[in-house]
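No gaps in the numbering here: position 120 of the sequence shown is 119 in numbering that gives the first Met the number 0, and each next residue is one more.
Glycine included, C-beta positions come from ideal geometry on N, C-alpha and C.
A quick write-up on the structure given underneath.
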Amino acid sequence: MTELKPLFNFDQLPAKTTNSNGLTGMDVISVDQFDPDKLAYIFARAREMREMVRRVGGTDLLKGYVLACLFYEPSTRTSSSFIAAMERLGGSIIPITQGVKFSSVSKGETLADTVRTLEQYADAVVLRHPEIGSAKLAADYASVPVLNAGDGPGEHPTQALLDLFTIREELGQIEGLKIAMIGDLKNGRTVQSLTKLLLHFDVSLRFVSPEILRLPLKTMNQVIDAGIDARETHDVADVIDNADVLYVTRVQKERFADLAQYEQVKDYYEITADLMAKAKEKMIVMHPLPRVGEIHYNVDADPRAAYFRQVQNGMFIRMALLAAVLGQA
Ligand code: NCD
């Protein structure tokens, strides 16, 4: 055999370095991991990402990094925004987002083994799974960071970060705001996560839902313990004229054991242009999306409809998070 000529001159390749920012190497499982300092850091980075995307579209900050996206439940925004975030930072992805039916999960592989496989290829894993605690379990097995993209009705921490960022960017502040959460407060994981994050701030909270979809006692007790001004009601009319933020959510059909019960509550609320006429001039309507009838299309042209801007913020927040946990921010 002829002498092997080296492929790489390692003296000229930059060494892989990581910054220590308090988030490097961290799993993102719950919003409980974020204090106001970490929030401020992520938001500042997200603004930089926004500016960078607007000016040049992308960079090579995460060149050489691979993210595995493992989705056991349907997703449009969360999966696409993680993918876009990674691509805009010069990294790449392993997409297992078209349902795990095309992966070995359909052969009966456990979550623990799937995650321990993916970490052989990837520097971080994003996981969406129907069971509460699944992201924590995956993180216990994985040595690379695991980011929870929704664990059943449990948490959705990256969504809550982008929701809070949206409130801050749209209204200029969080302190002092009156925030109304509407819809499926029992099963909506985005509601659990955002509610807990808001407890760091001096806000008042209104929870609007039909009786069977009230906020779980566990979350409500955390609200009460935080000394937050909070009230529950069944009627949007009670909150519409005063709210700074209407956070509207979908009734989570997939969490109902009894579909007849779902049918009873699915059309409980609809935010319409007529209703918006009663709202403040400076306020916003948010929704984690998808919507299935909770916000009429006739609200979309209203400048207070923030839900598509909220979608874009998801990419900036996930860019900031990925750069941080991978030690490049
Ligand atoms: C939410 C989710 O999956 O929890 N969607 C999202 O991630 N943007 C909300 C929902 O499905 O209703």
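- Membership of G292 in any alpha helix (DSSP H) is not indicated, and neither H nor E is assigned to it by DSSP.
- A direct Cα-to-Cα measurement between T232 and R205 gives close to 7 Å.
- Between D240 and V207, the gap from beta carbon to beta carbon reaches 8 Å or more.
- Looking at the DSSP output, A304 sits in a beta bridge with V284.
- Considered as a whole, the segment 131-197 harbours 133-140, 156-170 and 188-197 as its complete alpha helix (DSSP H) runs of no fewer than 4 residues, in chain order.
- Using a Cβ-Cβ distance cut-off of 8 Å, the segment 43-61 and the segment 280-295 are not in contact, since fewer than three pairs of beta carbons, one from each stretch, lie closer than that value.
- P35 sits in a helix when the DSSP states are folded into three classes.
- If you draw a straight line from the Cα of K177 to the Cα of Q251, it is about 25 Å long.
- Between the alpha carbons of D183 and R213 lies a gap of roughly 7 Å.
- In this structure, the CA atom of V264 is about 21 Å from the CA atom of G153.
- When the Cα atoms are used, I166 and S105 turn out to be separated by approximately 40 Å.
- Relative to the non-hydrogen atoms of the ligand NCD, the Cβ of G132 never comes closer than 7 Å to any of them.
- Look at I92 here: in three-state DSSP terms it is strand.
- DSSP places F70 within a strand segment (E or B) once states are collapsed to three.
- E174 and F200 have their alpha carbons spaced roughly 6 Å apart.
- Here the alpha carbon of T58 sits roughly 11 Å from the alpha carbon of M318.
- Taking all protein chains in view, the Cβ of I294 is crowded by 16 or more other Cβ atoms within 10 Å, so the residue is classified as buried.
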